[in-house]
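Quick mapping for you: the protein sequence lines, in order, are chains A and B.
Take the first sequence: its letter number 35 is residue 35 in my numbering, and every next letter is one higher.
Going from the second sequence to my numbering is simple: count from 1 and add 1000.
Shown next, in structure tokens, is the structure this report addresses.
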Amino acid sequence: FRPGATLDASTWESLEEILITADIGVSTSHLILDKLKKRIQKEKSVQPHEIRNLLEDELIALLSGGISGQLDDRVVRNKPYVILMVGVNGTGKTTTIGKLAGRFSDQGLKVLMVAADTFRAAASDQLGIWADRASVEIVHSKGGDPSALIFDAMDRAKSRVFDVVLVDTAGRMHTKVNLMEELKKMRRVIEKQIVGAPHETILVLDGTTGQNAAAQAKQFAKACPLTGLIVTKLDGTAKGGVLVSIQQDLGVPIYYVGVGESLDDLIPFNAEDFVKAVTE
Amino acid sequence: DLSNKFTLAFKKLAGRSSINEKNITDALRDIRLALLEADVHFSVVKSFIDKATEKALGQEVLRSVSPGEQLVKIVHDELIETLGGEHAPLQHAAIPPTVIMMVGLQGSGKTTLTGKLAHQLIKKGRKPLLVAADVYRPAAAEQLKTLGRQLEIPTFSAEEAGSQDPVKICFDSITYARQHGRDVALLDTAGRLHIDDDLMKELETIKAKIKPQEILFVADGMTGQDAVNTAKEFVGRLDFHGVVLTKMDGDARGGAALSIRSITGKPIKYLGTGEKLDLLEEFHPERMASRILG
Ligand SMILES: Nc1nc2c(ncn2[C@@H]2O[C@H](COP(=O)(O)OP(=O)(O)OP(=O)(O)O)[C@@H](O)[C@H]2O)c(=O)[nH]1
Ligand SMILES: Nc1nc2c(ncn2[C@@H]2O[C@H](COP(=O)(O)OP(=O)(O)OP(=O)(O)O)[C@@H](O)[C@H]2O)c(=O)[nH]1
Ligand SMILES: [Mg+2]
Ligand SMILES: [Mg+2]
Chain A
1 FRPGATLDAS TWESLEEILI TADIGVSTSH LILDKLKKRI QKEKSVQPHE IRNLLEDELI
61 ALLSGGISGQ LDDRVVRNKP YVILMVGVNG TGKTTTIGKL AGRFSDQGLK VLMVAADTFR
121 AAASDQLGIW ADRASVEIVH SKGGDPSALI FDAMDRAKSR VFDVVLVDTA GRMHTKVNLM
181 EELKKMRRVI EKQIVGAPHE TILVLDGTTG QNAAAQAKQF AKACPLTGLI VTKLDGTAKG
241 GVLVSIQQDL GVPIYYVGVG ESLDDLIPFN AEDFVKAVTE
Chain B
1001 DLSNKFTLAF KKLAGRSSIN EKNITDALRD IRLALLEADV HFSVVKSFID KATEKALGQE
1061 VLRSVSPGEQ LVKIVHDELI ETLGGEHAPL QHAAIPPTVI MMVGLQGSGK TTLTGKLAHQ
1121 LIKKGRKPLL VAADVYRPAA AEQLKTLGRQ LEIPTFSAEE AGSQDPVKIC FDSITYARQH
1181 GRDVALLDTA GRLHIDDDLM KELETIKAKI KPQEILFVAD GMTGQDAVNT AKEFVGRLDF
1241 HGVVLTKMDG DARGGAALSI RSITGKPIKY LGTGEKLDLL EEFHPERMAS RILG
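As structure tokens, then:
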């Protein structure tokens, strides 16, 4: 390529295809391609194989814009460190709590699980099995108002000197006002009981979800300030590209990625690895 | 915003006294973006727009009094036609029990759908049996048994089969159904990745041994571009009979519907529209077309 040169239409289309099929989304993809275009025009020459690297640079830059920081470092800042897990139905909240409990427990922290999904069939049983697997304690629901359970659980968290409290909530559509109000109420109960809590409100996103993940992030963030994200099911073929536009919008750390259904299948988010998977 | 893109495309045409081919392809470019934003797969959109372009340029749009409206109609009709004709009902067995098998990725809504189908069948006077063939997910059997208790129908699980083998659980459930006068057996299988060869083989084995009348691919309505990958693999391995799109009570546009239908050619039979067991709707292509286009 010569300076000021540009790529041909078919190259741009194949770059667009890479981004869109990774769920990056139309407007974000075009934003990235515009930046790439400008950058290529500035360079003296660009070899075809270098284009992929330039594309990866743009993606990594967009993903690194917000606050960074690992949850592992933060959980030791307050005791008990209260983590509220939220998200729409079936994204992997309960399973992820199981994985986090195992991880923190291995780090020598005393973990308490709170089964505050009092709605869905066998939700409490499901979390109970994870509590066994991770060898941690759990406060079980007896049905009814999740806020009442949370109230009791916070008492227990304080008196028994737990290091980390993981609160599981029922999956809920961000479009259901009454369910989002219920979530706000749960948060208020936690705030009243423990100063500074919840220290984390983490949105769990399903890695196979398309552009709707952006709407989910927006609406959940409106209901309660989110402190981080976890993306699950990236052990499949989905790329989770919608994270890029969510990062532009929210700027909260992406803490972990779920890569399977077992206790150990949770890895810290790494922007380089994530982007390499998008462009491969 | 999606609906604005679509409306804009036509406003551009509507305002003109005469239009040319470039106006049409420009409008279709906007529609292409609208479909991509709706999560329709990149290649599915490509072939859809190619077909729509062909129809638009071949028809009387260029000479139409209202070219914008004409183009809306072409795109809308093309979408409805692709999404499928009238509602395709579930197949029945000549000799009971009819066997309906739920398959799909993790968390897509299979267990809930199993309960919903049972609820519908009960209303029609049938006697369904719930079969908990998921031995992997913690408390999966308990989840299905809870639905069974709500519906006041039996649930056959590993416990009743005296085995942790999903194939054996499914096989024995048919015997149990016959012995207990249950005329429909609903097999709830574990969520699995389409790239997990062992677990996909497990489904192939269940299909081979039991020959269900109806295999339903249960997909999350919010699925993005990956819908094409999973649907392709599931239909390739199982040649399923129909699709159920769940969680359509959210605000996802549901482009996965077009992707899955285009790639597999199988009918979308139902939409899940909530968590309660009565929230299952028959699929209607016109409504879905409007939703995807915004
Ligand atoms: N392959 C894979 N499956 C996962 C992952 N995380 C969770 N799952 C599976 O996804 C399904 C749903 O997980 P749950 O933990 O029940 O999800 P949830 O968000 O708690 O669901 P609700 O409480 O019903 O809203 C289960 O089958 C999990 O095993 C992951 O990272 N990879
Ligand atoms: N809002 C809404 N939620 C749904 C719908 N269908 C299922 N769900 C919810 O989605 C979550 C997952 O549903 P399940 O039935 O457990 O999904 P599954 O496919 O059996 O999950 P695995 O067995 O882990 O693969 C639960 O919280 C359900 O209540 C629906 O149509 N709308
Ligand atoms: Mg859960
Ligand atoms: Mg299930």
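In this text, a Cβ means the ideal position worked out from N, Cα and C, and glycines have one as well.
Computed from a predicted model, the values in this text were never measured in an experiment.
- Cβ neighbours of T1025 of chain B within its own chain (closer than 7 Å, five residues either side excluded): T1053.
- The C-beta separation of V82 of chain A from H199 of chain A comes to about 5 Å, placing the pair in contact by the 8 Å criterion.
- Listed along chain B, the residues sitting closer than 7 Å to M173 of chain A by beta-carbon distance are D1249, G1250.
- Only residues of its own chain outside the window of five on either side were considered, and among them T118 have a CB closer than 8 Å to the CB of D145 of chain A, listed in chain order.
- At a cut-off of 7 Å, the beta-carbon of D117 of chain A counts as near ligand 3: some heavy atom of the ligand is closer than that.
- Beta-carbon to beta-carbon, E58 of chain A and I40 of chain A are separated by about 11 Å, too far to satisfy the 8 Å threshold.
- For V1218 of chain B, the uninterrupted beta strand (DSSP E) segment begins and ends at 1214-1220.
- Just so you know, the alpha carbons of A277 of chain A and G236 of chain A end up roughly 11 Å apart.
- Flagged as an interface residue toward chain A: M1222 of chain B, by a C-beta distance shorter than 8 Å.
- Non-local C-beta neighbours of L15 of chain A in its own chain, meaning closer than 7 Å and more than five positions away in sequence, comprise L33, L55, ordered along the chain.
- When DSSP states are grouped into helix, strand and coil, D1134 of chain B belongs to the coil group.
- The three-state secondary structure of K1269 of chain B, taken from DSSP, is strand.
- The alpha-carbon of D1030 of chain B is positioned some 12 Å away from that of V1045 of chain B.
- Close to S1157 of chain B, with beta-carbon spacing below 7 Å, lies no residue of chain A; the smallest spacing is near 12 Å.
- No Cβ of chain A is located within less than 8 Å of the beta carbon of I1169 of chain B.
- Closer than 7 Å to some heavy atom of ligand 2: that describes the Cβ of S1108 of chain B.
- Annotation: the continuous alpha helix (DSSP H) that includes G1148 of chain B extends over 1140-1151.
- Given a length threshold of 4 residues, each whole run of the alpha helix (DSSP H) inside the stretch 182-270 of chain A is given here in chain order: 212-223, 242-250.
- In the three-state scheme derived from DSSP, where H, G and I count as helix and E and B as strand, G1084 of chain B is classed as coil.
- The DSSP-derived three-state label of D168 of chain A is strand.
- A distance criterion of 7 Å places the beta-carbon of A123 of chain A in contact range of ligand 3, judged by its closest non-hydrogen atom.
- Cβ-Cβ distances below 6 Å link I24 of chain A to G241, V244 in the same chain, with the five nearest sequence neighbours on each side left out; the list follows chain order.
- Judged by beta-carbon spacing, L1186 of chain B lies within the 8 Å limit of L1117 of chain B, meaning their Cβ atoms are closer than that value.
- Close to D206 of chain A, with beta-carbon spacing below 8 Å, are these residues of chain B in chain order: G1107, D1220, M1222.
- When DSSP states are grouped into helix, strand and coil, M85 of chain A belongs to the strand group.
- For T1175 of chain B, the number of other beta carbons within 10 angstroms of its own is below 16, and it is reported as exposed.
- Closer than 8 Å to the CB of G90 of chain A there is at least one CB belonging to chain B.
- At a beta-carbon threshold of 8 Å, none of the residues of chain A lie near I1049 of chain B; the nearest stands roughly 13 Å away.
- Below the 7 Å Cβ cutoff, chain B contributes P1138, A1139 as neighbours of I129 of chain A, in chain order.
- Counting only residues of its own chain and dropping the five nearest sequence neighbours on each side, G1148 of chain B has a CB closer than 7 Å to the CB of L1130, P1154, T1155.
- When CB distances to chain A are screened at a threshold of 7 Å, the residues of the stretch 1009-1041 of chain B falling below it are L1033, L1036, E1037, D1039, in chain order.
- The Cβ-Cβ distance between I138 of chain A and A115 of chain A falls below 8 Å.
- A residue is called buried when at least 16 other Cβ atoms come within 10 angstroms of its Cβ; A61 of chain A does not meet this threshold and is exposed.
- Closest option to K93 of chain A, judged by alpha-carbon separation, among A:A170, A:F220, A:V195: A:A170.
- In the DSSP annotation of this structure, I60 of chain A is not part of any beta strand (DSSP E); the continuous alpha helix (DSSP H) holding it starts and ends at 48-63.
- Per the C-alpha coordinates, the member of A:T21, A:T11, A:L229, A:D8 positioned closest to G210 of chain A is A:T21.
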